[in-house]
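Using UniProt numbering, the final residue of the sequence shown is 300, and nothing's skipped along the way. We put the CB at the ideal spot given by N, CA and C, even for glycine. All figures in this text were calculated on a predicted structure; none of them were measured in a lab. Since the structure comes first, as structure tokens, the remarks are kept for the end.
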Amino acid sequence: MSTTKARADSLSLLLFTLRSGKLMAINLLKVSEIIPCPPLTKLPESHPHVKGIATLRGASLSVIDLSRALGEMPLQDPDGGCLIVTDVSRSKQGLHVQAVSKIVHCLTTDIRPPPYGSGGNRAFITGVTQVEGGLVQVLDIEKVIHGIAPAPIEAAPTDLTMEEAEVLGNARILVVDDSQVALQQSVHTLRNLGLTCHTARSAKEAIDVLLELQGTGEQINVVVSDIEMSEMDGYALTRTLRETPDFQELYVLLHTSLDSAMNSEKARLAGADAVLTKFSSPELTKCLVVAAKAVAQKGL
Numbered sequence: 001m002s003t004t005k006a007r008a009d010s011l012s013l014l015l016f017t018l019r020s021g022k023l024m025a026i027n028l029l030k031v032s033e034i035i036p037c038p039p040l041t042k043l044p045e046s047h048p049h050v051k052g053i054a055t056l057r058g059a060s061l062s063v064i065d066l067s068r069a070l071g072e073m074p075l076q077d078p079d080g081g082c083l084i085v086t087d088v089s090r091s092k093q094g095l096h097v098q099a100v101s102k103i104v105h106c107l108t109t110d111i112r113p114p115p116y117g118s119g120g121n122r123a124f125i126t127g128v129t130q131v132e133g134g135l136v137q138v139l140d141i142e143k144v145i146h147g148i149a150p151a152p153i154e155a156a157p158t159d160l161t162m163e164e165a166e167v168l169g170n171a172r173i174l175v176v177d178d179s180q181v182a183l184q185q186s187v188h189t190l191r192n193l194g195l196t197c198h199t200a201r202s203a204k205e206a207i208d209v210l211l212e213l214q215g216t217g218e219q220i221n222v223v224v225s226d227i228e229m230s231e232m233d234g235y236a237l238t239r240t241l242r243e244t245p246d247f248q249e250l251y252v253l254l255h256t257s258l259d260s261a262m263n264s265e266k267a268r269l270a271g272a273d274a275v276l277t278k279f280s281s282p283e284l285t286k287c288l289v290v291a292a293k294a295v296a297q298k299g300l
């Protein structure tokens with residue numbers, strides 16, 4: 001079982017700059033449109049990183065000063081720059097940036113983990129890549145949003161039947177996500193359900209965990225994996241598991257900040273059992289119940 005044999009998927013990145021000139025990128029699938037910065041309404045007692053509220057086709061849109069959110073000086077011209085309107089984890093927001101550069105196409109294997117010393121859990125990036133000889137940092141937009149408006153902590157579901165609770169207790173789950181925020185959200189849901197789980201911050205680390213636990217009492221039978229990850233994404237991880245005899249029967253749930261409807265066919269072709277858009281604790285719970293029943297039927 002080797003991560004080097006995984007087929008790489010293509011990825012489109014939107015490159016943009018902050019006031020400092022730092023070149024950053026965001027997955028193009030998370031971008032719904034790019035517009036000049038419209039007039040903003042400043043709300044009292046709003047978060048200091050929120051520049052204001054814009055009205056876009058009759059709907060309100062929070063606008064984040066991305067430079068400030070990442071610890072840089074705000075844009076020199078507060079009315080200049082442009083907005084990258086993103087659609088992430090069931091919500092829309094505008095990112096106020098200096099300028100949009102271009103769209104580049106690469107392979108997921110071209111995205112490397114953040115270098116050592118780049119900030120660890122405090123960093124707002126999930127990976128880096130080379131574009132025309134320069135280093136580009138890939139934005140962890142989920143962490144930016146969480147820092148401004150943390151997701152509410154949801155209580156454990158109380159409507160589980162005794163059968164569902166019992167079958168869930170037999171699930172041995174591995175959660176894979178390179179976003180610390182997203183990983184913590186999933187783990188919190190599992191803990192609310194009274195479950196323990198193993199975690200990994202990359203597909204390679206996930207494979208190491210699977211191999212380490214194989215044949216033990218903690219042998220994994222359910223994998224909950226992010227799709228967007230450095231070096232090897234969730235699709236490639238799923239294909240690798242399906243091609244490995246010891247792991248081809250594992251239940252694989254792909255858990256993504258992208259619209260799951262958009263990714264369902266690609267997830268099916270990769271061999272995933274289900275796909276879910278982040279982040280809804282009740283919906284994740286329902287998916288885990290389905291997963292637990294499926295592995296119980298297989299005797300895993």
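Relative to the C-alpha of Ala236, which residue among Asp208, Glu249, Ala272 and Leu211 is closest?
Ala272
Could you check the C-alpha separation between Val97 and Leu168 for me, to the nearest Å?
44 Å
Report the rounded CA-to-CA distance for Leu258 versus Asp178, giving the unit in angstroms.
15 Å
Can you look up Thr240 in the DSSP assignment and give me helix, strand or coil?
helix
Beta-carbon proximity list for residue 330, same chain, < 6 Å, skipping 5 on both sides:
Examination of residue 330 is not possible in this model, given that the chain is present from 1 through 300 alone.
Should the segment 290-298 be regarded as contacting the segment 215-225, the criterion being three or more beta carbon pairs within less than 8 Å?
yes
Pro282, enclosing alpha helix (DSSP H) - first and last residue:
Ser281 to Lys298
Can you check whether the CB of Cys82 is closer than 8 Å to the CB of Ile34?
yes
Given a cut-off of 8 Å, decide if Ala206 and Leu174 are closer than it, judged by their beta-carbon atoms.
yes
Quick check on Gln185: does DSSP put it in helix, strand or coil?
helix
Using the Cβ count rule (16 or more neighbours within 10 Å means buried), how would you classify Met229?
buried
Tell whether a beta-carbon distance below 8 Å holds between Ile111 and Glu231.
yes
Excluding the 5 residues preceding and the 5 following residue 302 in the sequence, name in chain order all residues of the same chain whose CB lies nearer than 8 Å to its CB.
A query on residue 302 cannot be resolved here, the shown segment of the chain reaching from 1 to 300 and no further.
Would you list, in sequence order, the uninterrupted alpha helix (DSSP H) runs of no fewer than 4 residues that lie entirely inside the UniProt domain "CheW-like" (10-150)?
66-69 and 141-148
With which residues is Ser225 paired in a DSSP beta bridge?
Val176 and Leu254
Span of the beta strand (DSSP E) around Leu211
That residue, Leu211, is in no beta strand (DSSP E); its alpha helix (DSSP H) goes Ala203 to Leu213.
Within the same chain, show all residues whose beta-carbon is closer than 8 Å to that of Thr86, passing over the 5 residues directly before and after it, in chain order.
Ile26, Lys30, Val31, Ser32, Lys92, Gln93, Gly94, Leu95 and Ile141
Is it buried or exposed for Lys42, if we count other Cβ within 10 angstroms and need 16 for buried?
exposed
Among Val187, Ser225, Leu241 and Ser186, which one has its Cα closest to the Cα of Leu211?
Leu241
Closest to His47 by CA distance: which of Cys197, Gln137, Asn170 and Val144 is it?
Val144
Kindly give me the distance between the Cβ atoms of Leu18 and Glu72, rounded to whole angstroms, as I take these residues to be in contact under 8 Å.
6 Å
Whole angstroms is fine: what's the gap from Ile148's alpha carbon to His49's?
7 Å
With a threshold of 7 Å on Cβ separation, who are the neighbours of Asn121 within its own chain once the five nearest residues in sequence on each side are excluded?
Legend: pLDDT at Asn121 = 49, less than 50; position of this residue unreliable, value from coordinates given subsequently. Result list for Asn121: Gln180, in chain order.
Ends of the alpha helix (DSSP H) at Leu168?
Met162 to Leu168
Rounded Cβ spacing between Ser186 and His255 (contact assumed at less than 8 Å)
7 Å
Compute the Euclidean distance between the alpha carbons of Val131 and Phe16, then round it to the nearest angstrom.
12 Å
Just tell me which of Ala99, His146, Pro44 and Asp159 has its CA closest to the CA of Lys286.
Asp159
Considering Leu193, what are the terminal residues of the beta strand (DSSP E) in which it resides?
Leu193 -> no beta strand (DSSP E), and no H or E assigned at all.
What's the C-alpha gap between Leu288 and Glu265?
20 Å
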